[in-house]
Amino acid sequence: MGQIILAVDDQGNFLEYIPKDEGHTGNGKRHLAITVLIYNNKGEVLLQRRKHKVFDNIWDFTASTHPLHLEDGTDESLEQATLRALKYEYDIDVDYFLTKRDNISLKNLGSFNYFAQIGNLCENEHDHLLIGEYNGEIKLNPAVGYEYKWVKKEDFFEDINKSPQKYTPWAIEAAKPLKGKLP
Numbered sequence: 000m001g002q003i004i005l006a007v008d009d010q011g012n013f014l015e016y017i018p019k020d021e022g023h024t025g026n027g028k029r030h031l032a033i034t035v036l037i038y039n040n041k042g043e044v045l046l047q048r049r050k051h052k053v054f055d056n057i058w059d060f061t062a063s064t065h066p067l068h069l070e071d072g073t074d075e076s077l078e079q080a081t082l083r084a085l086k087y088e089y090d091i092d093v094d095y096f097l098t099k100r101d102n103i104s105l106k107n108l109g110s111f112n113y114f115a116q117i118g119n120l121c122e123n124e125h126d127h128l129l130i131g132e133y134n135g136e137i138k139l140n141p142a143v144g145y146e147y148k149w150v151k152k153e154d155f156f157e158d159i160n161k162s163p164q165k166y167t168p169w170a171i172e173a174a175k176p177l178k179g180k181l182p
């Protein structure tokens, strides 16, 4: 069975469970999503050139996913989905974030809506932006990304403003409220 995601309204209020494909075909259905940006203590952000069904081979934030409706009938929280994505996409030890829960952990900077379409495929998401500091080992999963890079945050903001076509639509939208909020 394919993944089941959460369809939501423009404010992120739950409407119904839908198959992932239904949220991404034609005009799709607005659904809950997560975009994660990891930074390090050197003032850099972690980006990946993502393998993606719709927006392939362009730069994205560290990780992206959808909170899932699980087989046991529960829904993943934003934090659970974020930790799952970081583990799957980079093999990041999620215990690092769990032990830092009272320190920096993952911070939710809010949400935004966006719609982007190529052909009959689309992204129609109510996307939450989460950030967190990580200074440990990473190993990009070749099934999700072509490559990754650490970039000085100032260089990242300059590049995404100057050359937005090099980035996913959700990275462009997420960068707007992000400037000035990274340590």
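Letter 14 of the sequence shown, counting from 1, is numbered 13 in numbering that gives the first Met the number 0, and no numbers are missing.
Glycine residues also receive a C-beta, built at the ideal position from the N, C-alpha and C atoms.
Predicted model, so just to flag it, every value in this text is computed and none were measured.
Report task. Thinking V35 and A115 are a contact (beta carbons under 8 Å), I'd like their distance in whole angstroms, please. Result -> Along the sequence shown, one-based indexing puts residue 35 at 36. Along the sequence shown, one-based indexing puts residue 115 at 116. Approximately 19 Å separates the beta-carbon atoms of V35 and A115; this is outside 8 Å, ruling out the contact.
Query raised in the report: Buried or exposed: where does R100 fall if 16 or more other Cβ atoms within 10 Å of its Cβ makes it buried?
Result: Residue numbering aside, residue 100 sits at position 101 when the sequence shown is read from its first letter. The predicted model places R100 with a pLDDT of 48, which falls under 50 and marks its position as unreliable, so this point remains unresolved.
Requested in this report: Kindly indicate which residue of Q164, A174 and P176 has the alpha-carbon position closest to the one of P54.
Outcome: Here residue 54 refers to the residue found at position 55 of the sequence shown. First, the residue type needs correcting, since residue 54 is Phe and not Pro in the sequence shown. The option with the nearest alpha carbon to F54 is Q164.
Requested in this report: Report yes if the C-beta distance between G27 and H127 is below 9 Å; otherwise report no.
Outcome: One-based indexing of the sequence shown puts residue 27 at position 28. One-based indexing of the sequence shown puts residue 127 at position 128. Cβ distance not < 9 Å, so G27 and H127 don't count as in contact.
Query raised in the report: Considering only residues of the same chain and omitting the five flanking positions on each side of T73, which have a CB-CB separation below 8 Å?
Result: For this step, residue 73 is matched to residue 74 along the sequence shown. If you ignore the 5 residues before and after T73, its C-beta comes within less than 8 Å of no other C-beta in its own chain.
Requested in this report: Below 7 Å CB to CB, which residues in the same chain sit around L14 once its five sequence neighbours on both sides are set aside?
Outcome: Working through the sequence shown from its first residue, we reach residue 14 at position 15. So the list reads A6, V7 and D8, once near-sequence residues are dropped.
Query raised in the report: According to DSSP, is T64 helix, strand or coil?
Result: For the purposes of this step, residue 64 is taken as residue 65 along the sequence shown, with counting starting at 1. Strand, per DSSP.
Query - First and last residue of the uninterrupted beta strand (DSSP E) at Y113 - result: In the sequence shown, the residue the question calls residue 113 occupies position 114. Start and end: L105 to I117.
Query - Stretch pair the region 57-67 + the region 30-45: three plus CB contacts closer than 8 Å - result: Remark: three or more beta-carbon pairs, one from each stretch, lie closer than 8 Å, so the region 57-67 and the region 30-45 are flagged as touching.
Query raised in the report: Just how far apart, CA to CA, sit F60 and Q47?
Result: The count along the sequence shown starts at 1 and reaches residue 60 at position 61. The count along the sequence shown starts at 1 and reaches residue 47 at position 48. C-alpha separation (whole angstroms): 6 Å.
Query - Backbone CA spacing between E122 and W169 [nearest angstrom] - result: Taking the first residue of the sequence shown as position 1, residue 122 is located at position 123. Taking the first residue of the sequence shown as position 1, residue 169 is located at position 170. Pairing E122 with W169, the inter-Cα distance amounts to about 9 Å.
Query raised in the report: Of the choices Y166, E146 and Y145, whose alpha-carbon is the least far from that of Y155?
Result: The count along the sequence shown starts at 1 and reaches residue 155 at position 156. It is worth fixing the name first, because residue 155 is Phe in this sequence and not Tyr. Taking each of Y166, E146 and Y145 in turn and checking the Cα distance to F155, the smallest one comes out for Y166.
Query raised in the report: How should L82 be labelled, buried or exposed, when 16 other C-beta atoms within 10 angstroms of its C-beta is the threshold for buried?
Result: Translated into the one-based positions of the sequence shown, residue 82 becomes position 83. Buried is the label assigned to L82, since at least 16 other Cβ atoms lie within 10 Å of its Cβ.
Report task. Pick helix, strand or coil for F54, following the three-state DSSP scheme. Result -> In the sequence shown, counting from the first residue as 1, residue 54 sits at position 55. Coil at F54, not helix or strand.
Requested in this report: Write down the C-beta distance between I109 and P176 rounded to the nearest angstrom, noting that I regard them as a contact closer than 8 Å.
Outcome: Taking the sequence shown and counting its residues from 1, the one referred to as residue 109 is at position 110. Taking the sequence shown and counting its residues from 1, the one referred to as residue 176 is at position 177. Just to set this straight, residue 109 is Gly in the shown sequence, not Ile. At roughly 7 Å, the Cβ-Cβ gap stays under 8 Å, so G109 and P176 are in contact.
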